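Residue numbers (my numbering), protein chains in the order written: chain A, 2 to 144; chain B, 4 to 728.
Beta carbons are placed, not taken as given, at the ideal position from N, Cα and C, and that holds for glycine.
Remember, it's a predicted structure, so these values are computed and weren't measured experimentally.
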Amino acid sequence: MDFDPRSDYPLGSRRPELVTTPAGTPLEQLTLTALRDGRIDPAELRTTSETLRRQAAIARAAGRAELADNLERAAELVAVPDDVILDVYTALRPRRSTASELDELAERLESRYGAGLVAAFVREAAAVYAGRGLLKVTRAEAF
Amino acid sequence: MLVTPHPPLGLVSMNGPDDPEPDLVVEGGRIVAMDGRREDEFDAIDRFVVRYGLDLDAAREAASISDAEIARRLVDVDVPRADLVRLSRGLTPARLALIVAMLEPVELMFALRKLRARRRPANQAHVTNLKENPALLAADAAEAALRGFAEVETTVGVARYAPLNAIAVLVGSQTGRPGVMTQCAVEERRNLQLAMLGLVTYAETLSVYGTESAFVDGDDTPWSKTLLASAYASRGVKVRLTSGGGSEALMGHAEGKSMLYLEARCVAVARAAGSQGVQNGSISCVALPLSLPGGTREILAENVLAAWLDLEVAAGNDAIASHSAIRKTAKLMGQFLPGTDFVTSGYSVMPRHDNTFGGGNYDADDLDEWLTIQRDWQVDGGIEPAGEETVLRARERAARAVQVVFEAFGFPPITDAEVEAATTGYDSADLPDRDRAADVAAADRVLAERVSGADVARALADDGFFDVAEAVFAMQRQRVSGDYLQTSAVIEPDGEVRSAVSDPNRYGGPGTGWVLDGERWERLQALPHVLDPRSLASPATDRSSLLVEIHDAEPGSRPDEVVIAVGPAFGDWLRQTINDLLHETVLGALVEGVRKGGASPRLVRVRRSSDVAFIGHDGALLAGSGVAVGLQSKGTAIIHRSDLQPLDNLELFGMSPLYTVDSYRAIGRNAAGYALGRSVGPVPTALDNFARAKLIVRTTVMHALETDAIVPDAPAVEVELARLT
């Protein structure tokens, strides 16, 4: 049965067969017993890009384009490890990164993790920050 | 403290003199000017809103409609929410603020009723304590969950405690009711770490600000905050952003703008960022708008703005708004009556003394009143009554559950003494102290060893707490399906997600949207302290009458005769006054008083009326002196005289709850005085303004019994005290 974003919500109750962990374990096999038997790695208890893109479609069908875009970015970030995500967030905070550092970051997000939307988002931030004094000022630039 | 507006510091609630005129200039499909700034003057917030927050088609449509017309549509019951949401994408922050400022309080409340994203309102609790005692956190979280709060927020006194506090409220909440979402408000990066481990299941304190300078002081930009929200979503965790009027002024960065205008910029950023919702409505800064004229109105307007932009709204009412209970509850009604997705963003379910947010606008001691106000209005304020036994059981269970978790991970033990104290204690002063240094070391281990929510579930199951384990694990599963990432999501006990997608608010007039009736209304009415009125005064059917009826009463001739006339149920179906004085005692006091006053008492029962004036006057017509005391079963008394109009009197004693045996003796003595023609000083009367509020129900039930005992048109009868055999 095709996925219909207008009616297949909540996924967990209406279309559970479409939901898996990154390792491919179906939602219905995620039980406490399976966890206790060691068949589930706690680190696997998270969503997949596929699921997030479906949730994005559901949001878009409900008239929430911006939320859908957020979830599309999130779908790209699934593949990005925890520590890298925390570093990306930190890098985007005021005066944490130079223009070239943000550029490298965008490059890495795109080439290593396929996160094209997030990369574009980072590049856009860099351009805005440059105009608003929100980049890190190097010693050379300061003087 | 109240102050006059001072716009240069941002101390103006709305329509500030330096707020920009709304405008939007589009050239060649690009926005080249907005709200008084050209694009080369745009700050980071402008750039973000222009890039992500405005739809040019909607803008074109909005440009052709006047502000007044849009304001009308907000309160037009026939304009659907969806139309207003679509239109909002064509409105700049200055225009949003201007339009919503045109609505006065009732209009704002009506708009909020229409615009709320989720059909059914809910509520959020704060659970913290000064000692950061995990057993008490768990017990309070369980009670919050049991009382119907859909979310529990904790925080830290000491930053490094975060993982332990998170675990305690996670375990406690799931013990009270599966599906309750939990968060731990800490620094952004640390917060995200906890979410990645599944130790918190949502986050809220992702703050946004209305000026670039305030944003930078908050160490973020619209871009970093947006990325952060997407980061949480990538781990399947729900978030909302936080903003609130007065924050920019407090930080010294209001740039001379009004609170409402700056908040409009915040919610525009929040929607542009793709957040599903916001916590707004001034939040911690609430006393700042409330110091200004129109402050309460401004705060409600903030909530309306957010709902209009199709965001979930967790609506403040958490920080102490005022010392005045009257003022702060007047403010609360703006969100309470229409309902918001979360009527408070932090009801302090424990005493406010233990609220480490420094908040506690409403706390443990106010729960009964909040519930009663829901019942008074027939309005769903998001919480439910819970009986004492049920609460104690859940509290104890939660404390035991977190005790086994601490043991399983080798954390500093939670003692049985702590469990007991957490179960029945009032606040953290009742809890023994813990070794804080050891707790901090354990908290650090949680992060270092990546202890997860799943690990917690396993530990609970290993020790027999299967239902709590299932619930904690079920919350981890929610992060796999992502259903609760949609707007305004709450989670039912069976794991079903209810959000604006599956439970949309489509209010379109009376009887639509969320209506409090049926089973839910039955539940919210049935407070533990509600009584059956029949229990207040039941007819005494198991005892024989105090008085024996002899024969019909005839007018007397002795000039010193004072009649004591009692009501139809006196000494019969009713046996004591509303002040719990036995009828025989009251009669005895009256008789003694009459005698001491030198007159001769005669007892009569009036059967045709329950009204004290008619009882007294009928008695006076029978009395040889023309003077009588009339006495209702509830204790109300009157001294009457035959030549007066029935509803007139010599003295009236209506405050029956206040009368003692001495009062009735004095009444008897005065009646004798009137009968014998002496000059009489009236019995001093006291007044209790609260008597009616306290006793009107009991009065009603007692008087109904007296009235039921009426025999229409029956003559009065001579009575005497029945002899005890």
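Requested in this report: Find the residues of chain B that neighbour A:F4, judging by a C-beta separation of less than 9 Å, and give them in chain order.
Outcome: Position 3 of the first sequence, counting from 1, holds the residue named residue 4 of chain A. Those within 9 Å of A:F4 in chain B number zero; the least Cβ separation is about 13 Å.
**Report entry** B:L655 (DSSP reduced to helix, strand or coil)
**Finding:** Indexing the second sequence from 1 puts residue 655 of chain B at position 652. Strand, per DSSP.
Query raised in the report: First and last residue of the alpha helix (DSSP H) that includes B:L218?
Result: Position 215 of the second sequence holds residue 218 of chain B. In the sequence under discussion, the amino acid at residue 218 of chain B is Phe, which differs from the Leu named in the question. B:F218 -> alpha helix (DSSP H) spans 215-220.
**Report entry** Where B:H202 meets chain A, residues with beta-carbon distance less than 7 Å
**Finding:** Within the second sequence, the letter at position 199 stands for residue 202 of chain B. Note that residue 202 of chain B is Leu in the sequence shown, not His. Neighbours of B:L202 on chain A: none; closest Cβ ~11 Å, over 7 Å.
**Report entry** Candidates B:P225, B:P124, B:A232: closest to A:L68 by CA position
**Finding:** Residue numbering aside, residue 68 of chain A sits at position 67 when the first sequence is read from its first letter. The candidate whose alpha carbon is nearest that of A:L68 is B:A232.
Report task. Identify each residue in the segment 22-51 of chain A for which the Cβ-Cβ distance to at least one residue of chain B is less than 7 Å, and report them in chain order. Result -> T22, L28, L31, L33, L36, R37, P43, L46, R47, T48
Query raised in the report: What residues match up with A:M2 in a beta bridge as DSSP calls it?
Result: Translated into the one-based positions of the first sequence, residue 2 of chain A becomes position 1. Answer is none; A:M2 lacks a bridge partner.
Query raised in the report: For the segment 421-447 of chain B, which residues have a beta carbon sitting closer than 8 Å to at least one beta carbon of chain A?
Result: none
Query raised in the report: How about A:E67: is its C-beta nearer than 7 Å to some C-beta of chain B?
Result: If you number the first sequence from 1, residue 67 of chain A lands on position 66. It does; some Cβ of chain B falls within 7 Å.
Query raised in the report: Is B:I417 helix, strand or coil by DSSP?
Result: For the purposes of this step, residue 417 of chain B is identified with residue 414 of the second sequence, where counting begins at 1. Correct three-state label for B:I417: coil.
Query raised in the report: Any residues in the segment 470-488 of chain B with a beta carbon nearer than 8 Å to a beta carbon of chain A? Which ones, in chain order?
Result: A472, E473, F476, Q479, R480, Q481, R482, V483, S484, G485, D486, L488
Query raised in the report: Does the beta carbon of A:S14 sit closer than 7 Å to a beta carbon anywhere in chain B?
Result: As a first step, residue 14 of chain A must be located in the first sequence, where it is residue number 13. Yes, its Cβ sits closer than 7 Å to a Cβ of chain B.
Query - Strand pairing of B:S348, partner residues [DSSP] - result: Residue mapping note: residue 348 of chain B aligns to position 345 of the second sequence, counting from 1. For B:S348, which the question treats as bridged, DSSP gives the partners B:Q127.
Query raised in the report: What residues in the segment 70-85 of chain A have a beta carbon less than 7 Å from any beta carbon of chain B?
Result: D70, N71, L72, R74, A75, L78, V79, D83
Query - Close-in-space but distant-in-sequence residues of the same chain around B:G56 (CB under 8 Å, 5 per side omitted) - result: Along the second sequence, one-based indexing puts residue 56 of chain B at 53. R92, A271, V272, R274, A275, listed in sequence order.
Query raised in the report: Excluding five sequence neighbours on each side, which residues of the same chain lie with their C-beta closer than 6 Å to the C-beta of A:Y114?
Result: Mapped onto the first sequence, residue 114 of chain A falls at position 113. Contacts found: A80, V81.
Query raised in the report: By the criterion of Cβ-Cβ separation under 9 Å, what are the contact partners of A:L53 in chain B?
Result: In the first sequence, the residue the question calls residue 53 of chain A occupies position 52. Near A:L53 (Cβ distances below 9 Å), the residues of chain B are A236, S237, G239, G485, L488.
Query raised in the report: Is A:L136 close to chain B, meaning its C-beta is less than 7 Å from at least one C-beta of that chain?
Result: Looking up residue 136 of chain A in the first sequence gives position 135. Cβ-Cβ to chain B under 7 Å: no for A:L136.
Query raised in the report: In angstroms, rounded to a whole number, what distance separates the CA positions of B:N692 and B:N306?
Result: For this step, residue 692 of chain B is matched to residue 689 along the second sequence. For this step, residue 306 of chain B is matched to residue 303 along the second sequence. Answer to the nearest angstrom: the Cα atoms are 39 Å apart.
Report task. Check B:V281 in the structure and name its three-state DSSP category. Result -> By 1-based counting over the second sequence, the position of residue 281 of chain B is 278. Of the three classes helix, strand and coil, the one that applies to B:V281 here is strand, per DSSP.
Query raised in the report: With C-beta atoms as the reference, is B:V565 less than 7 Å away from B:A623?
Result: What you label residue 565 of chain B is simply residue 562 of the second sequence in a count that begins at 1. What you label residue 623 of chain B is simply residue 620 of the second sequence in a count that begins at 1. Result no, Cβ atoms of B:V565 and B:A623 do not sit closer than 7 Å.
Query - A:D38 classed as buried or exposed, judged by whether at least 16 other C-beta atoms fall within 10 angstroms - result: Reading the first sequence from its first residue, position 37 is the one you call residue 38 of chain A. With fewer than 16 other Cβ atoms within 10 Å, it is exposed.
Query raised in the report: Alpha carbon to alpha carbon, how far is A:T91 from A:A107?
Result: By 1-based counting over the first sequence, the position of residue 91 of chain A is 90. By 1-based counting over the first sequence, the position of residue 107 of chain A is 106. Approximately 14 Å between the Cα atoms of the pair.
Query raised in the report: Taking C-beta to C-beta, are B:Y235 and B:A198 nearer than 7 Å?
Result: Here residue 235 of chain B refers to the residue found at position 232 of the second sequence. Here residue 198 of chain B refers to the residue found at position 195 of the second sequence. Their beta carbons are under 7 Å apart, which means B:Y235 touches B:A198 by this criterion.
Query - Three-state secondary structure (DSSP) of B:H643 - result: Within the second sequence, numbered from 1, the residue matching residue 643 of chain B stands at position 640. Of the three classes helix, strand and coil, the one that applies to B:H643 here is strand, per DSSP.
Query raised in the report: Are B:G201 and B:Q479 touching if we call contact CB-CB under 7 Å?
Result: Reading the second sequence from its first residue, position 198 is the one you call residue 201 of chain B. Reading the second sequence from its first residue, position 476 is the one you call residue 479 of chain B. Yes, Cβ-Cβ distance for B:G201 and B:Q479 is below 7 Å.
Report task. Return the CA-CA distance between B:V2 and B:S210, expressed in angstroms with no decimal places. Result -> What the structure shows of chain B is the stretch from 4 to 728, and residue 2 of chain B is not part of that stretch, so it cannot be assessed.
Query raised in the report: By DSSP, does B:L690 sit in helix, in strand, or in coil?
Result: As a first step, residue 690 of chain B is located in the second sequence; it is residue number 687 there, counting from the start. Coil at B:L690, not helix or strand.
Query raised in the report: To the nearest angstrom, how far is it from the Cα of B:R358 to the Cα of B:T131?
Result: Start at 1 with the first residue of the second sequence, and residue 358 of chain B comes out as number 355. Start at 1 with the first residue of the second sequence, and residue 131 of chain B comes out as number 128. The amino acid occupying residue 358 of chain B in the given sequence is Asn; Arg does not appear at that position. Taking the straight line from one Cα to the other gives about 6 Å.
Query raised in the report: Rounded C-beta distance between B:I102 and B:D79? I'm assuming under 8 Å.
Result: Along the second sequence, read from residue 1 onward, the residue named residue 102 of chain B stands at position 99. Along the second sequence, read from residue 1 onward, the residue named residue 79 of chain B stands at position 76. That belief does not hold up - the Cβ atoms of B:I102 and B:D79 are roughly 13 Å apart, past 8 Å.
**Report entry** chain A contact residues for B:S455, given Cβ-Cβ distances below 9 Å
**Finding:** For this step, residue 455 of chain B is matched to residue 452 along the second sequence. The answer, in chain order, is P43, A44, L46.
Query raised in the report: When you compare only the Cα positions, how much space is there between B:T728 and B:S547?
Result: Taking the second sequence and counting its residues from 1, the one referred to as residue 728 of chain B is at position 725. Taking the second sequence and counting its residues from 1, the one referred to as residue 547 of chain B is at position 544. For B:T728, the predicted structure reports a pLDDT of 44, less than 50, and the residue's modelled location is therefore unreliable. The matter cannot be settled from this model.
Requested in this report: Under 6 Å Cβ to Cβ from B:A290, same chain only, skipping five residues before and after it: list those, please.
Outcome: For the purposes of this step, residue 290 of chain B is identified with residue 287 of the second sequence, where counting begins at 1. Contacts found: none.
Report task. Find the residues of chain A that neighbour B:Q279, judging by a C-beta separation of less than 9 Å, and give them in chain order. Result -> Indexing the second sequence from 1 puts residue 279 of chain B at position 276. Ordered by position in chain A, the residues that pass the 9 Å Cβ test against B:Q279 are A60, R65, L68, N71.
Report task. Kindly list, in the order they appear in chain B, the residues whose Cβ is closer than 9 Å to that of A:T99. Result -> By 1-based counting over the first sequence, the position of residue 99 of chain A is 98. Within 9 Å Cβ-Cβ: nothing; A:T99 doesn't reach chain B, min ~15 Å.
Query raised in the report: If contact means a Cβ-Cβ distance below 9 Å, which residues of the segment 181-199 of chain B contact chain A?
Result: E191, R192, L195, Q196, M199
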